[in-house]
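Asker: Would you mind keeping the following structure in view while I ask a few things?
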Amino acid sequence: MSQAVVIEGKRVAKWKVEEVNELTDLLKGNKTVLIASVESFPADKLHEIRKRLRGKAVVRVTKNTLFRIAAKKSGIDVEKIDQYLTGPNAFIFTNDNPFEIYMFFEKFKLKRFAIPGDKADEEVVVPAGDTGIPAGPMLSVFGKLRIQTRVQEGKIHVVKDTVVAKPGDPIPVEIIPILQKLGIMPVHVKLKVKAAYYENLVIPGEQLHLDLEGYKNDVLRAFSEAFTLATEAVYPEPKVLENVISKAFARGRALAAEAGFVAPETAEAVFARAYSKAMALASALAGKVDLGIQVATVPAGAPAGGGQVQEKKEEEKKEEEKKVSEEDVGAGLSSLFG
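Using the working numbering, read the sequence shown as starting at 2 and increasing by one per residue.
Written out as C-alpha cells, the structure is:
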C-alpha cells in the first residue's frame, strides 16, 4: 500500500505532496515556464531534449492537477494558463528568455523512423553500398522502387545513391522496413509549445516564433533609408559626410561636363561629350554636306546605338571602304567648330 499523508482531513498520496512541493520550488526558482504538449511524442526523444537542455532548463512531465496546485502556491494566476492545461504536458522551467528556449526547439531537429502514412521532412536517400539484407524477395521491392542493386556474397548491394522521396512526398510503404534496417530516420519530431509564462505574462506558442531573418532585413532597410535621408539632409556625421562629399563631387563634375568647363577632373568627360555631340551632328548632316569624313548613318526608327547599323548595300561595301582615321575625325571637328 502506497504511503499517504492527511491534508485538511483528506488522505493524499505522499508522492503527490512531494511532486507539488518540487514543482512549487521550480516555479519560484525560475522566471520562465513553458507548457508543451507531449501527446504522441516519443519518450526517448523527450529524454534527448532533457540531455540537450541540461544546465539551462528542467523538463518535467507531470499531471496538470498537480501543476495547478503548485502554480497557486507560487502565486501564479492559474486562470491565465488554465486553457493550456489539457492533455499530457511537459513543463520546461528556466531562467532564460522564453523566446530563446523556443528557438532551441525550432533548431534542434529530432528524427524518428517512418511509419505508414508519413510524409518525408527531408530528402530520403537510399545510399550506395551493402544493405545487409539477404537476397531474396526483397529484391523485388528494390526493383519496384527503381533502386539499382546487385547481389554480392548473398547480400543486396545498392549500386548508387537513390532518392526515394523528396520533402513533402509520401514515403512509400514498401521502403519503410528498408529505411529502418539502414537506420534512416526521415521524419522530424517537434515538441509543440502551447504557451510560455514569463514574469506574470502569458505568451501563446504561436507568438514565440521570431522571424530573425525578417527582422535583420528590416533593420538593414531602415539603416539604408536613414543613411540616404541623412545624406540628403547633410547630417554632420563622419560617415554621412564622406558620402555627401562624394555625391557632391560627382554632381559637380557632371554639371561641369554639361557646361563645358574644362579642368583636369572634367576634361575627359567634356571632350567625350563634345565628341559624342559632334558625331551625332555629323551623322545628321551626312549626305547633305561634304564633311570630309565617313559617317555611318542611322536608319529611321533604329534603336539606340543604331549608328553602327548599315543598310545591306553598305555592308557589302564595308570591306572596301577605308576606316576613318583620327586625323580625319580631327579635320571634321575643325570644320564643324571652325
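We put the beta carbon where it would ideally sit given N, CA and C, even for glycine.
Between which residues of its own chain and Val-353 is the CB-CB distance below 7 Å, once the five residues before and five after are set aside?
Answerer: No answer is possible for residue 353: it lies beyond the span of the chain, which begins at 2 and ends at 339.
Asker: Gly-184: which of Val-126, Glu-238, Gln-208 and Phe-224 sits nearest, CA to CA?
Answerer: Counting from one through the sequence shown, the residue named residue 184 turns up at place 183. The shortest Cα separation from Gly-184 among Val-126, Glu-238, Gln-208 and Phe-224 belongs to Val-126.
Asker: Buried or exposed: which applies to Phe-109, given that a residue is buried once 16 or more other Cβ atoms fall within 10 Å of its Cβ?
Answerer: Numbered from its first residue, the sequence shown carries residue 109 at position 108. Its Cβ having fewer than 16 others within 10 Å, Phe-109 is exposed.
Asker: Shortest alpha-carbon distance to Ser-277 belongs to which of Pro-265, Ile-179 and Glu-259?
Answerer: Taking the sequence shown and counting its residues from 1, the one referred to as residue 277 is at position 276. Of Pro-265, Ile-179 and Glu-259, the residue nearest in Cα terms is Glu-259.
Asker: Taking the Cβ atom as the reference point for each residue, do Leu-256 and Phe-100 lie within a distance shorter than 8 Å?
Answerer: Start at 1 with the first residue of the sequence shown, and residue 256 comes out as number 255. Start at 1 with the first residue of the sequence shown, and residue 100 comes out as number 99. No. Outside cutoff.
Asker: Assign Ile-179 to one of two classes, buried (16 or more other C-beta atoms within 10 Å of its C-beta) or exposed (fewer than that).
Answerer: Locating residue 179 in the sequence shown gives position 178, where the first residue counts as 1. It is buried - the Cβ of Ile-179 has at least 16 other Cβ atoms within 10 Å.
Asker: According to DSSP, which residues form a beta bridge with Tyr-199?
Answerer: Here residue 199 refers to the residue found at position 198 when the sequence shown is read from its first residue. According to DSSP, which records beta bridges pairwise, Tyr-199 is partnered with Thr-33 and Leu-202.
Asker: Could you tell me whether the Cβ atoms of Pro-168 and Glu-124 are closer together than 8 Å?
Answerer: By one-based count along the sequence shown, residue 168 stands at place 167. By one-based count along the sequence shown, residue 124 stands at place 123. Taking 8 Å as the Cβ cut-off, Pro-168 and Glu-124 qualify as a contacting pair.
Asker: Taking the alpha carbon of Pro-43 as the reference point, which residue from Phe-143, Asp-162, Ala-270 and Pro-89 has its own alpha carbon closest?
Answerer: Taking the sequence shown and counting its residues from 1, one reaches residue 43 at position 42. Of Phe-143, Asp-162, Ala-270 and Pro-89, the residue nearest in Cα terms is Pro-89.
Asker: Residues in the same chain with beta-carbon distance under 6 Å from Lys-74, minus the five sequence neighbours each way, listed in chain order, please.
Answerer: Stepping through the sequence shown from its first residue, residue 74 is reached at position 73. Correct list, in chain order: Thr-25.
Asker: Taking the DSSP output, what are the residues bridged to His-48?
Answerer: On the sequence shown, residue 48 is found 47 positions in, with the first residue counted as 1. Paired residue(s): none; His-48 is not in a bridge.
Asker: Check whether the Cβ atoms of Ser-192 and Ala-37 lie closer than 8 Å to each other.
Answerer: By one-based count along the sequence shown, residue 192 stands at place 191. By one-based count along the sequence shown, residue 37 stands at place 36. This sequence places Leu at residue 192; Ser is not what is there. Contact flag set, yes.
Asker: Could you spell out the range, first to last residue, of the alpha helix (DSSP H) harbouring Val-241?
Answerer: The residue you call residue 241 lines up with position 240 of the sequence shown. Counting along the chain, the alpha helix (DSSP H) containing Val-241 begins and ends at 239 to 260.
Asker: Which class does Lys-217 belong to by DSSP, given the choice of helix, strand or coil?
Answerer: Taking the first residue of the sequence shown as position 1, residue 217 is located at position 216. The answer is helix: DSSP assigns Lys-217 an H, G or I state.
Asker: Where does Arg-69 sit, in a helix, a strand or coil, going by DSSP?
Answerer: Your numbering for residue 69 matches position 68 in the sequence shown. Arg-69 falls in the helix class under three-state DSSP.
Asker: Determine the contact status of Thr-194 and Leu-35, defining contact as a CB-CB distance below 8 Å.
Answerer: As a working note, residue 194 is residue 193 in the sequence shown. As a working note, residue 35 is residue 34 in the sequence shown. Residue identity check: residue 194 is Val in the sequence provided, not Thr. In contact: Val-194 and Leu-35 (Cβ atoms closer than 8 Å).
Asker: Output yes or no for whether 8 Å exceeds the beta carbon distance between Thr-232 and Val-220.
Answerer: Indexing the sequence shown from 1 puts residue 232 at position 231. Indexing the sequence shown from 1 puts residue 220 at position 219. Result no, Cβ atoms of Thr-232 and Val-220 do not sit closer than 8 Å.
Asker: Just verifying my parser: in three-state terms, what is the DSSP assignment at Lys-112?
Answerer: As a working note, residue 112 is residue 111 in the sequence shown. Reduced to three states, the DSSP call for Lys-112 is strand.
Asker: Ends of the beta strand (DSSP E) at Gly-130?
Answerer: The count along the sequence shown starts at 1 and reaches residue 130 at position 129. Segment 130 to 135, the beta strand (DSSP E) holding Gly-130.
Asker: Measure from the alpha carbon of Val-56 to the alpha carbon of each residue in Ala-270, Asp-45, Asn-96 and Lys-29, then state which is nearest.
Answerer: The residue given as residue 56 occupies position 55 in the sequence shown. According to the sequence as given, residue 56 is Gly; it is not Val. For Gly-56, the nearest C-alpha among the options comes from Asn-96.
Asker: Using CA coordinates, which residue listed in Thr-33, Leu-28 and Val-241 is at the minimum distance from Ile-70?
Answerer: To locate residue 70, count along the sequence shown from 1; it is residue 69. For the residues Thr-33, Leu-28 and Val-241, the minimum Cα distance to Ile-70 belongs to Leu-28.
Asker: Per DSSP, Ser-38 forms a beta bridge with which residues?
Answerer: Reading the sequence shown from its first residue, position 37 is the one you call residue 38. Ser-38 is bridged to Asn-90 and Lys-193.
Asker: Within its chain, find whatever has a CB closer than 8 Å to the CB of Lys-314; leave out the 5 residues flanking it on each side and keep chain order.
Answerer: Along the sequence shown, read from residue 1 onward, the residue named residue 314 stands at position 313. Per-residue confidence for Lys-314 stands at a pLDDT of 43, beneath the threshold of 50, marking its modelled position as unreliable; the derived number appears in the next sentence. Within the same chain, Lys-314 has no close Cβ partners at all.
Asker: Tell me the rounded alpha-carbon separation between Arg-151 and Val-174.
Answerer: Position 150 of the sequence shown, counted from the first residue, corresponds to residue 151. Position 173 of the sequence shown, counted from the first residue, corresponds to residue 174. Distance between the alpha carbons of Arg-151 and Val-174 is about 22 Å.
Asker: Enumerate in chain order the residues of its own chain whose CB-to-CB distance from Val-79 is below 7 Å, with the five nearest sequence positions on each side excluded.
Answerer: As a position in the sequence shown, residue 79 is number 78, starting the count at 1. These residues qualify, in order along the chain: Arg-69, Ala-72 and Lys-73.
Asker: How would you write the range of the alpha helix (DSSP H) that Ala-270 sits in, first residue to last?
Answerer: Counted from its first residue, the sequence shown places residue 270 at position 269. Looking at the DSSP string, the run of the alpha helix (DSSP H) that includes Ala-270 is 268 to 286.
Asker: Report the rounded CA-to-CA distance for Phe-250 versus Leu-286, giving the unit in angstroms.
Answerer: Within the sequence shown, the letter at position 249 stands for residue 250. Within the sequence shown, the letter at position 285 stands for residue 286. Answer to the nearest angstrom: the Cα atoms are 36 Å apart.
Asker: Between which two residues does the beta strand (DSSP E) containing Lys-167 stretch?
Answerer: If you number the sequence shown from 1, residue 167 lands on position 166. It is not in any beta strand (DSSP E) - Lys-167 carries neither H nor E in the DSSP assignment.
Asker: Does the beta-carbon of Ala-303 have 16 or more other beta-carbons within 10 angstroms, so that it is buried, or is it exposed?
Answerer: For this step, residue 303 is matched to residue 302 along the sequence shown. Per-residue confidence for Ala-303 stands at a pLDDT of 46, beneath the threshold of 50, marking its modelled position as unreliable; no derived number is given.
Asker: Report yes if the CB atom of Thr-267 is closer than 8 Å to the CB atom of Arg-252, and no otherwise.
Answerer: Position 266 of the sequence shown holds residue 267. Position 251 of the sequence shown holds residue 252. Result no, Cβ atoms of Thr-267 and Arg-252 do not sit closer than 8 Å.
Asker: Does Phe-106 pass the burial test, meaning 16 or more other C-beta atoms within 10 Å, or should it be called exposed?
Answerer: Here residue 106 refers to the residue found at position 105 of the sequence shown. Buried.
Asker: Would you identify the three-state DSSP class for Ile-148, choosing helix, strand or coil?
Answerer: In the sequence shown, counting from the first residue as 1, residue 148 sits at position 147. Ile-148 falls in the coil class under three-state DSSP.
Asker: Does the Cβ-Cβ distance between Ile-20 and Thr-63 come in under 8 Å?
Answerer: For the purposes of this step, residue 20 is taken as the residue at position 19 of the sequence shown. For the purposes of this step, residue 63 is taken as the residue at position 62 of the sequence shown. Here residue 20 turns out to be Glu, not Ile, going by the sequence shown. Yes.
Asker: Looking at the secondary structure, which residues open and close the beta strand (DSSP E) in which Lys-156 lies?
Answerer: Looking up residue 156 in the sequence shown gives position 155. Taken as a continuous stretch (DSSP letters only), the beta strand (DSSP E) holding Lys-156 covers 156 to 159.
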